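Participant: Just passing along the structure, written as structure tokens.
Number of protein chains: 2
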Amino acid sequence: MKPPAVVLLSGGLDSATVLAIARDAGYACHALSVDYGQRHAAELVAAGRIAASLGAVGHRVIRLGLGDLGGSALTDPAIAVPEAPTEGIPVTYVPARNTVMLALALAWAEVLGAHDIFIGVNSVDYSGYPDCRPEFIEAFARMANLATRAGVEGVHLAIHTPLQHLSKADIIRRGAALGVDYAQTVSCYQADEAGRACGVCDACRLRREGFAQAGVADPTLYRKDHT
Amino acid sequence: MKPPAVVLLSGGLDSATVLAIARDAGYACHALSVDYGQRHAAELVAAGRIAASLGAVGHRVIRLGLGDLGGSALTDPAIAVPEAPTEGIPVTYVPARNTVMLALALAWAEVLGAHDIFIGVNSVDYSGYPDCRPEFIEAFARMANLATRAGVEGVHLAIHTPLQHLSKADIIRRGAALGVDYAQTVSCYQADEAGRACGVCDACRLRREGFAQAGVADPTLYRKDHT
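Which chain is which? The protein sequence lines are D and S, in order.
If you're matching positions, the first sequence starts at -14 in our numbering and goes up one per residue.
If you're matching positions, the second sequence starts at -14 in our numbering and goes up one per residue.
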């Protein structure tokens, strides 16, 4: 019997690759998506498709009214998504996003009796998000082992970050080798309802450069002709 | 100008006392409640009353579909609330509850620019919940300082647990001295819609003993005559 793992799945390129890696490593993958009031639902629709096509044992979408708190271009329509590179922590940063996502993954892991959580954070293209750094993940894992039944019972709970030190091109090569269909994924910060990408936001730029560097044909659906 | 703080407010006796302590310490208090699919809404109604009567600057209720994950008597109607003391971690434990609550408080603190979060955890009557222990809180604070803008910018973010080492009687004495009206609070795990307590669950037992030991008249509204 395969050990269960919780895999955070946003519907984007990175987390789809993480799911493929976790499955390849022999885990029974329970995919978790969080509906935190993103600008578009296309990402969550993509997550459902990806969970099914990559053989996740189950897929849950937790609703969370994070948008009520404001403060991010990704949940607050009053803040514009930048279409050119910016300095420092970008406005697309969702406050405490990975802390909240990992906390919810931890809750589900505890219910499932899973001791493994997978998340697609990355320090190479981390774009100034503090909660993508390895030292944050290590501190979260330490806290998680004190927070739960597992910790009390002496079972070690691990946070896996298989993309931590990979470039976007490396991620794409890895996923392509594992059979990820990237046409199903949505990375754009302002995709339309059909999941078509804007081609100009930070996420689109990084993604397009990744395909070019990986030498893999870019299957992304763009709203206009950006190629 | 008073510094802002986020205060987690469940609507129970402990968190109402924490709000009174935070206000007394000179903070502009932003009360945060989480609607995670508790068995009853009375607790959240109580939180609103308490936030207003104790002078919170604001009060937000974040909706979170934690009940979808199951695993606790407090969110899953299929699991009965025990009416006699039990051994070990009780079924009323909500998986990763304080991790999730603190993560949401951290998100709001970041939006507000607050560097102080208050939570009513307690090690004296902690009833076997791993996420009420001081070592958990310390690990969370360490993680939080790596997770956020504040951490990157070198500002220290503090998690305050003013009830950590107080007995229930001490908490009640402290709150009574600060003017908390405990008739407004709901502690019962299975209160009815009007907020009336069952009188027999763990939370009711601890609360009643606390009032008796503090020598403060118990203002709790019970469903039947349990006194």
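For glycine and all other residues, C-beta sits at the position ideal for the given N, C-alpha and C.
Small disclaimer: the values here were computed from a predicted structure and weren't measured.
Scan the segment 113 to 148 of chain D and note each continuous alpha helix (DSSP H) run of 4 residues or more that stays entirely inside, going in chain order.
Facilitator: 119 to 132 and 134 to 137
Participant: Contact between the segment 130 to 145 of chain D and the segment 161 to 173 of chain D: three or more CB pairs below 8 Å?
Facilitator: no
Participant: I want to verify the contact list: residues of chain D whose CB lies under 8 Å from the CB of M128 of chain S, in sequence order.
Facilitator: Result: T84, F121, A124, F125, R127 and M128.
Participant: For A88 of chain S, which residues in chain D fall below 9 Å Cβ to Cβ?
Facilitator: A81, T84, V85, M86, L87, A88 and L89
Participant: Report buried or exposed for P204 of chain D, applying the criterion of at least 16 other Cβ atoms within 10 angstroms of its Cβ.
Facilitator: Label assigned to P204 of chain D: exposed.
Participant: Shorter than 7 Å from the beta carbon of L29 of chain S to some beta carbon of chain D?
Facilitator: no
Participant: Out of D:V(-9), D:S(-5) and D:M(-14), which one is the CA nearest neighbour of L173 of chain D?
Facilitator: The residue asked about is misnamed: residue 173 of chain D is Cys in this sequence, not Leu. Ranking D:V(-9), D:S(-5) and D:M(-14) by Cα distance to C173 of chain D puts D:S(-5) first.
Participant: Indicate whether the contact test is met: 3 or more Cβ pairs, each with one atom in the segment 40 to 49 of chain D and one in the segment -4 to 15 of chain D, closer than 8 Å.
Facilitator: yes
Participant: Considering only DSSP beta bridges, list what S18 of chain S is partnered with.
Facilitator: S:V46
Participant: Assign A162 of chain S to buried or exposed, taking buried as 16 or more other Cβ atoms, counted over all protein chains shown, within 10 Å of its Cβ.
Facilitator: exposed
Participant: Could you tell me which chain S residues have their CB closer than 9 Å to the CB of G43 of chain D, listed as they occur along the chain?
Facilitator: Within chain S, no C-beta atom comes nearer than 9 Å to that of G43 of chain D; the closest sits roughly 11 Å away.
Participant: How should K(-13) of chain D be labelled, buried or exposed, when 16 other C-beta atoms within 10 angstroms of its C-beta is the threshold for buried?
Facilitator: exposed
Participant: Hey, A81 of chain S and A88 of chain D: beta-carbon distance below 7 Å or not?
Facilitator: yes
Participant: Grouping DSSP H, G and I as helix and E and B as strand, with all else coil, what is Y12 of chain S?
Facilitator: coil
Participant: Between the segment -7 to 8 of chain D and the segment 143 to 156 of chain D, do at least 3 Cβ pairs fall closer than 8 Å?
Facilitator: Cβ pair count under 8 Å is three or more, so yes.
Participant: Applying the criterion that 16 or more other CB atoms from any shown protein chain within 10 Å of the CB defines a buried residue, is L97 of chain D buried or exposed?
Facilitator: Residue burial annotation: L97 of chain D is buried, with at least 16 other C-beta atoms found within 10 angstroms of its C-beta.
Participant: Applying a beta-carbon distance threshold of less than 7 Å, which residues of chain D neighbour A92 of chain S?
Facilitator: L51, L54, P80, A81 and V85
Participant: So for G195 of chain S, helix, strand or coil by DSSP?
Facilitator: Here G195 of chain S sits in helix by DSSP.
Participant: Tell whether a beta-carbon distance below 7 Å holds between L(-2) of chain D and R181 of chain D.
Facilitator: no
Participant: Do V46 of chain D and D20 of chain D have their beta-carbon atoms positioned less than 7 Å apart in this structure?
Facilitator: yes
Participant: If you measure from the beta carbon of I47 of chain D to each beta carbon in chain S, is any gap under 7 Å?
Facilitator: With a threshold of 7 Å between beta carbons, I47 of chain D makes contact with chain S.
Participant: List, in order along the chain, the chain S residues whose C-beta lies closer than 8 Å to that of R193 of chain D?
Facilitator: Within chain S, no residue comes near R193 of chain D; the closest Cβ sits about 28 Å away, beyond 8 Å.
Participant: Identify whether A37 of chain S lies in helix, strand or coil by the three-state DSSP scheme.
Facilitator: helix
Participant: Taking 6 Å as the limit between beta carbons, can you name the residues of its chain near A99 of chain S, skipping five residues before and five after?
Facilitator: P(-11), A(-10) and V(-9)
Participant: Whose CA, out of S:M128, S:A179, S:H141 and S:S108, lies closest to the CA of H150 of chain S?
Facilitator: With distances taken between Cα atoms, H150 of chain S lies closest to S:S108.
Participant: Relative to the C-alpha of I122 of chain S, which candidate in S:H141, S:A94, S:T84 and S:G139 has its C-alpha closest?
Facilitator: S:T84
Participant: What do you reckon, is the C-beta of A13 of chain D under 6 Å from a heavy atom of the ligand ZN?
Facilitator: Among the components of this structure there are no ligands whatsoever, and the ligand ZN is therefore not found.
Participant: Grab the span of the alpha helix (DSSP H) containing A94 of chain S for me, first residue to last.
Facilitator: R82 to L97
Participant: Could you spell out where the alpha helix (DSSP H) holding D155 of chain D opens and where it closes?
Facilitator: K153 to A162
Participant: Between the C-alpha atoms of C189 of chain D and C183 of chain D, what's the straight-line distance to the nearest angstrom?
Facilitator: 7 Å
Participant: Roughly how many whole angstroms lie between the Cα atoms of P119 of chain D and A94 of chain D?
Facilitator: Cα-Cα distance, rounded: 21 Å.
Participant: Note down, in chain order, each residue of its chain lying with its Cβ closer than 7 Å to the Cβ of A37 of chain S, except the 5 sequence neighbours on either side.
Facilitator: none
Participant: For T212 of chain S, would you say it is in contact with chain D, using Cβ-to-Cβ distances shorter than 7 Å as the test?
Facilitator: Legend: pLDDT at T212 of chain S = 48, less than 50; position of this residue unreliable, no value from coordinates given.
Participant: Which residue wins for smallest C-alpha separation from L51 of chain D, given the options S:A199, S:M86 and S:V201?
Facilitator: S:M86
Participant: Hey, out of D:L29, D:A1, D:A197 and D:S0, whose CA is closest to D177 of chain D's CA?
Facilitator: D:L29
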